[in-house]
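This report concerns only the one structure given below.
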Amino acid sequence: MERLLRLIFLVMLGLGITGLAQEHSGTRFGVGIDLSGFGTESGMENVYDNFYFPIQIGSSLLIEPELGFSRKSVTEGVQKSSRMFVRAGSGFMIVSQKNNTQLYIGLRGYLLLDSFKIEGDVLSRSESLRRIFLGPVTGAFYMITPNLAIGGEVLVEFRVHEGGAVNGRSVELSGSSFSRTVTRVLLRWFF
Numbered sequence: 734m735e736r737l738l739r740l741i742f743l744v745m746l747g748l749g750i751t752g753l754a755q756e757h758s759g760t761r762f763g764v765g766i767d768l769s770g771f772g773t774e775s776g777m778e779n780v781y782d783n784f785y786f787p788i789q790i791g792s793s794l795l796i797e798p799e800l801g802f803s804r805k806s807v808t809e810g811v812q813k814s815s816r817m818f819v820r821a822g823s824g825f826m827i828v829s830q831k832n833n834t835q836l837y838i839g840l841r842g843y844l845l846l847d848s849f850k851i852e853g854d855v856l857s858r859s860e861s862l863r864r865i866f867l868g869p870v871t872g873a874f875y876m877i878t879p880n881l882a883i884g885g886e887v888l889v890e891f892r893v894h895e896g897g898a899v900n901g902r903s904v905e906l907s908g909s910s911f912s913r914t915v916t917r918v919l920l921r922w923f924f
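My numbering applies: residue 734 is where the sequence shown begins, and numbers increase by one.
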């Protein structure tokens, strides 16, 4: 099952990347940003700004690769800690258009790389984890102008894989599950 989920995720990511190279009549490319947490700081939590690269094929298909990054370092006395997140994924949505409003439903998946390091006199520890999330998404966006859209979406994320290394030792974490709902406000600019 885990291999199948990895394969589905890799196919989704690959289709999103190859969608960037497709050019035919009715295809629009763009760039977008998640406004929900833009510029937010939350200790060492996984708050990162995501950038989206929407590819609308015709009037009924939206492929949306995404990238996100966050890094934070904290020094308290002799103890230093740092945490970095890198996120890469893609979404595949079926679109229904009514005037300037577009409704969509589909699937999003992404790989989240999470590394944490703490160094001090008493404690030194490092973790490097990779997590794969997959889930259904629904949303809408309104075309303010022919090129600018604002919208929102709701995503139900399921963590389908987690593994990595703790203090240099490989670990595959199983038996734990994680799911959550995520709401986003997105701004998209189409070329």
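A virtual CB, placed ideally from N, CA and C, is assigned to each residue, including glycine. Since this is a predicted model, take the numbers as computed values, not measurements.
*What do you reckon, are the CB atoms on Arg-913 and Glu-890 nearer than 8 Å?*
Translated into positions along the sequence shown, residue 913 becomes position 180. Translated into positions along the sequence shown, residue 890 becomes position 157. Yes, Cβ-Cβ distance for Arg-913 and Glu-890 is below 8 Å.
_Out of Tyr-837, Val-855, Ser-859, which one is the CA nearest neighbour of Asp-847?_
Position 114 of the sequence shown, counting from 1, holds the residue named residue 847. Checking every option, the nearest Cα to that of Asp-847 belongs to Ser-859.
_Stretch pair the stretch 822-840 + the stretch 803-812: three plus CB contacts closer than 8 Å_ = no
*Contacting residues, own chain, Cβ-Cβ under 6 Å from Gly-853 (five flanking each side not counted)*: Counting from 1 along the sequence shown, the entry for residue 853 is found at position 120. Val-811, Gln-812.
*Determine the extent of the beta strand (DSSP E) in which Asp-854 is found, giving its start and end residues.*
For the purposes of this step, residue 854 is taken as the residue at position 121 of the sequence shown. Looking at the DSSP string, Asp-854 is not in any beta strand (DSSP E), and its letter there is neither H nor E.
*Would you kindly work out how many angstroms separate the C-alpha atoms of Leu-920 and Val-855, rounded to a whole number?*
Locating residue 920 in the sequence shown gives position 187, where the first residue counts as 1. Locating residue 855 in the sequence shown gives position 122, where the first residue counts as 1. Cα to Cα, the separation comes out at about 46 Å.
*Note the first and the last residue of the continuous beta strand (DSSP E) segment covering Gly-822.*
Position 89 of the sequence shown, counting from 1, holds the residue named residue 822. Run containing Gly-822: 812-831, per the beta strand (DSSP E) assignment.
*asked:* With a threshold of 6 Å on Cβ separation, who are the neighbours of Met-826 within its own chain once the five nearest residues in sequence on each side are excluded?
replied: As a first step, residue 826 must be located in the sequence shown, where it is residue number 93. Closer than 6 Å at Cβ, skipping near neighbours: Leu-795, Tyr-837, Gly-839.
*Give the DSSP-derived three-state secondary structure of Phe-924 in the structure shown.*
On the sequence shown, residue 924 is found 191 positions in, with the first residue counted as 1. Assignment of Phe-924 by DSSP, reduced to helix, strand and coil, places it in the coil class.
_Secondary structure of Pro-869, DSSP reduced to three states_ = Here residue 869 refers to the residue found at position 136 when the sequence shown is read from its first residue. Here Pro-869 sits in strand by DSSP.
*What is the DSSP secondary structure of Phe-911, reduced to helix, strand or coil?*
The sequence position of residue 911 within the sequence shown is 178, counting from 1. Note: Phe-911 maps to coil in three-state DSSP.
*What does a CB cutoff of less than 7 Å around Gly-791 pick up in its chain, not counting 5 residues either side in sequence?*
Sequence index remark: in the sequence shown, residue 791 carries index 58 (1-based). Excluding residues within five positions, the ones whose Cβ falls inside 7 Å are Gly-759.
*Looking at the structure shown, is Thr-878 part of a helix, part of a strand, or coil, going by DSSP?*
Residue numbering aside, residue 878 sits at position 145 when the sequence shown is read from its first letter. The answer is coil: DSSP assigns Thr-878 none of H, G, I, E or B.
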